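Numbering (the numbering used here), first residue to last: 54 to 339. All C-beta atoms, glycine included, are put in the ideal place defined by N, C-alpha and C. Only a predicted model underlies this, so the values are computations on that prediction, with no experimental measurement involved.
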């Protein structure tokens, strides 16, 4: 008897959703940074073991925002919840409960689907952990069909217990993907996301949400190396300077860091060409 299904991973920005999916799938599928709203699109991660296949939908963080771009990302998370077989709600134990939790809990109760609450960062000592745990336990009493598991996505704590809980709630059914497949993301998307992660890590708080990355061309006709051409779009000329850095040093480090990861992806040498361009309206057509 096979079991399979779609699991939407939801939660506030920076709760550890992408880290959790990467940990479960054993591959770096979604980019990760300390900056909220790193994930902009719903990304699939596929975990298959024996007679069970789990298709995880890593979603943008749900939060209140008046900005159209952020509202679109939050809407993607709600759509993923509607289309999934069960919902994995990741809570950051180190952050005080806020309006986002109220929004998410109300949405889950209205949705009426199987829910697993994964309390993440249980390995971190923080003043909010006890208070948050009490709040979570109170919510679980109101929703007795939900499951609760304390985990550390980063330290891989209680991941097996989480997978067992997911398996129990999955419906019976044939696999959606081949059992050796770990994502359905297109190669050009994975390249662009890899470069965007390195831009975010190199520019820190300066311009993370003001950048879009687009893969222009991937030429793998040569058996020894692959040529990759990528455009980095920013909104203002000053931001272009921040990405390039003095004497081009920052762009050089972005390229070096991205190239190492892309060579692991392509399994051969990579020639990476990065161009920084200005498009003040990129958010309108992202």
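- Residue 248 sits away from residue 160, with the two beta carbons spaced by 8 Å or more.
- In the DSSP secondary-structure assignment, residue 59 is bridged to 108.
- With respect to the 8 Å criterion, residue 134 and residue 111 are not classified as neighbours on the basis of their beta carbons.
- Beta-bridge pairing by DSSP links residue 172 to 144, 203.
- Cβ-Cβ distances below 8 Å link residue 209 to 76 in the same chain, with the five nearest sequence neighbours on each side left out; the list follows chain order.
- Note that the segment 212-230 does not touch the segment 288-302; fewer than 3 beta-carbon pairs, one per stretch, sit closer than 8 Å.
- In the DSSP annotation of this structure, residue 166 is not part of any alpha helix (DSSP H), being labelled neither H nor E.
- In terms of Cα proximity to residue 69, the closest of 207, 305, 331 is 207.
- Membership of residue 278 in the beta strand (DSSP E) is indicated by the continuous run 278-287.
- Residue burial is scored here from C-beta neighbours: residue 178 has fewer than 16 other C-beta atoms within 10 angstroms and is therefore classed as exposed.
- Cβ-Cβ separation between residue 272 and residue 279: approximately 7 Å, consistent with a contact (criterion under 8 Å).
- A check of alpha carbon separations from residue 172 across 79, 149, 101 identifies 149 as the nearest.
- Residue 200 has its alpha-carbon roughly 14 Å from the corresponding atom of residue 162.
- Residue range 96-102 is occupied by the beta strand (DSSP E) that includes residue 102, with no alpha helix (DSSP H) assigned at that position.
- Going by beta carbons, residue 252 and residue 189 fall outside the 8 Å limit.
- Taken through DSSP and simplified to helix, strand or coil, residue 268 comes out as strand.
- The bridge partners DSSP lists for residue 331 are 287.
- Residue pairing by DSSP puts residue 225 in a beta bridge opposite 56.
- Per the C-alpha coordinates, the member of 63, 144, 314 positioned closest to residue 181 is 144.
- When rounded, the separation of the alpha-carbon atoms in residue 327 and residue 285 is 7 Å.
- For residue 234, no alpha helix (DSSP H) encloses it, and the DSSP letter there is neither H nor E.
- A straight-line Cα-Cα distance of about 12 Å links residue 233 and residue 98.
- Spanning the alpha carbons of residue 289 and residue 243 requires a straight line of approximately 25 Å.
- For residue 252, the uninterrupted alpha helix (DSSP H) run begins and ends at 240-256, by DSSP.
- The shortest CA-to-CA distance from residue 169 to any of 270, 146, 218 is the one to 218.
- Non-local beta-carbon contacts of residue 104 in its own chain, meaning distances under 6 Å to residues more than five positions away in sequence, involve 55 in chain order.
- If you look at residue 308, you'll find it in the alpha helix (DSSP H) that goes 302-319.
- Distance between residue 211 and residue 72, taken at the CA atoms: about 14 Å.
- Of 113, 187, 184, the smallest CA-CA separation from residue 157 is found for 113.
- Secondary structure of residue 323 (DSSP, three-state): strand.
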